[in-house]
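Heads up: the sequence shown is residues -20 to -1, 1 to 71, going by mature numbering (1 follows the signal peptide of the UniProt record, and there is no 0). Every residue, glycine too, gets a C-beta built ideally from N, C-alpha and C. In this text, all values refer to a predicted model and were calculated from it rather than measured experimentally. Please read the structure below before turning to the comments.
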Amino acid sequence: MKQLIAAVALTIFAAGAALAADTLTFTAKNGNVSFDHKKHQQIAGDCKSCHEKGPGKIEGFGKDLAHGKGCKGCHEQKKAGPTKCGECHKK
């Protein structure tokens, strides 16, 4: 029975990752941000790089997280990707 439950949980987890949107758009006053989720999945290779609690909405995600340890912080650490306002925000 435990093996069946584990198999079902793993299937649900994998389906959630596979069904994630390819591109997400976040609305913002200074220009919307288009996020290529599929590209980030390929680069990170592990959902937990961003989704600490597993696939799904990132808890507490918003301007402060994106501008702090989230998006911008990761890009600065890896010395790759946009780090300036206009590189993400498009009017």
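- Query: Since ASP16 is in the beta strand (DSSP E), which residue starts that stretch and which ends it?
  - Reply: 12 to 16
- Query: Which residue from ALA8, ALA60, GLY50, PHE15 puts its Cα closest to that of GLU32?
  - Reply: GLY50
- Task: Could you pull out every residue in the same chain whose Cβ sits closer than 8 Å to the Cβ of ALA(-7), ignoring the five residues on either side in sequence?
- Result: Annotation note: pLDDT 48 at ALA(-7) (below 50); position unreliable, coordinate value reported separately. If we look at ALA(-7) and ignore the five residues flanking it on each side, it has no Cβ neighbours.
- Item | Whole runs of the alpha helix (DSSP H) within the region 22 to 50, excluding any shorter than 4 residues | 43 to 47
- With a Cβ-Cβ cutoff of 7 Å, do HIS69 and ASN10 count as a contact? yes
- Task: Would you mind stating whether LYS18 and ASP44 have Cβ atoms separated by less than 7 Å?
- Result: no
- Query: Beta carbon of THR63, beta carbon of LYS52: below 7 Å?
  - Reply: yes
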